[in-house]
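Numbering (the working numbering), first residue to last: 1077 to 1405.
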């Protein structure tokens, strides 16, 4: 199943062959057994969008039997090397499958170490995420990534609000205007202002990479087709911009807070809870039964505000570890 560029390695007395997979998306996805249909659909979509290529699919074999698989993708169509004009392009490790609990900690690091040089031009960095809710064996996945040289860049906890039939109390300190009311340029400018001095590691990385103005413009790209009325700017009684909150659809029944922020000069006054209350009320209006949002574990003020607003950790096993290769400084 492996073709050009094969690598032969020895482990535990066995010979491990690693190379680019020789087959189509259906066959590559089928290596994992359970869940193959969903992964095939994902791969086919990525191929159609130009975000993945078969030469970025790798397989590990022992005596002709697949024992591991990994693929890579980008978040925008790319030539063979990273475009110097697009520093925001991200490359991701996806579809990692190993014989979990058997020889995963032996095969996995060898597979990744052999594959990474072939996709190095897509980075740096190469990102990999582990989600305790949506992926099996999260602890073993983390161990494989760390053994292959990935470093932890960010850790996020999931916070959940659930509709229990009670109205959401809204204060009167803030006046809210939606995206259609204020326009995209004003909204983007507010996002840039609100992200200054952020405690979210991923936001801080891209904010520093792009500069304030472009960061706000990039964030506008996360707008979903029905979300504009619940993307809101918040003003105080004197008309001064205080912050923003962006409620979006996560799936048919669940919403998410795409982003939320208070401008630096207005922090420390509890406005973040007012913003969360507005988003929660908007979720009810839109018919969502719950809100799932994740927060950087180092952002202690945001975690505390979430709990004050009734968005609680531990309701779902949503816990995300974001790794990077090469590891962050």
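Cβ atoms here follow ideal geometry from the backbone N, Cα and C, with glycine treated the same way. As the structure is a prediction and not an experimental result, all values here were calculated from the model.
Could you compute how far the alpha carbon of residue i sits from the alpha carbon of residue j?
| i | j | result |
| --- | --- | --- |
| residue 1269 | residue 1388 | 27 Å |
| residue 1219 | residue 1182 | 11 Å |
| residue 1317 | residue 1275 | 20 Å |
| residue 1355 | residue 1240 | 16 Å |
| residue 1259 | residue 1307 | 11 Å |
| residue 1191 | residue 1378 | 38 Å |
| residue 1139 | residue 1337 | 54 Å |
| residue 1093 | residue 1186 | 10 Å |
| residue 1170 | residue 1122 | 11 Å |
| residue 1242 | residue 1357 | 10 Å |
| residue 1349 | residue 1247 | 10 Å |
| residue 1465 | residue 1196 | An answer regarding residue 1465 cannot be provided, because it is not within the stretch 1077 to 1405 covered by the chain. |
| residue 1293 | residue 1152 | 16 Å |
| residue 1136 | residue 1329 | 39 Å |
For residue i, which beta-bridge partners are listed by DSSP?
| i | result |
| --- | --- |
| residue 1167 | 1150, 1202 |
| residue 1252 | 1310 |
Tell me which same chain residues have a C-beta within less than 6 Å of the C-beta of residue i, skipping the five on either side of it?
| i | result |
| --- | --- |
| residue 1168 | 1149, 1203 |
| residue 1398 | 1205, 1229, 1230 |
| residue 1295 | 1267 |
| residue 1381 | 1348, 1349 |
Quick one: is residue i buried, meaning 16 or more other Cβ sit within 10 Å of its Cβ, or exposed?
| i | result |
| --- | --- |
| residue 1324 | buried |
| residue 1396 | buried |
| residue 1285 | exposed |
| residue 1146 | buried |
| residue 1321 | buried |
| residue 1376 | exposed |
Please go through the same chain and pick out, in chain order, the residues whose beta-carbon is closer than 8 Å to the beta-carbon of residue i, but skip the five residues on each side of it.
| i | result |
| --- | --- |
| residue 1194 | 1081, 1096, 1131, 1132, 1134 |
| residue 1332 | 1323, 1324, 1325, 1326, 1367, 1368, 1369 |
Which same chain residues, not among the five before or five after residue i, have their C-beta less than 7 Å away from its C-beta?
| i | result |
| --- | --- |
| residue 1244 | 1353, 1356, 1357, 1360 |
| residue 1363 | none |
| residue 1115 | 1105, 1108, 1171 |
Would you check if there are 3 or more beta carbon pairs closer than 8 Å linking the segment 1369-1378 to the segment 1225-1235?
yes
contact_flag[the segment 1192-1211, the segment 1336-1343] where n(CB pairs < 8 Å) is 3 or more
no
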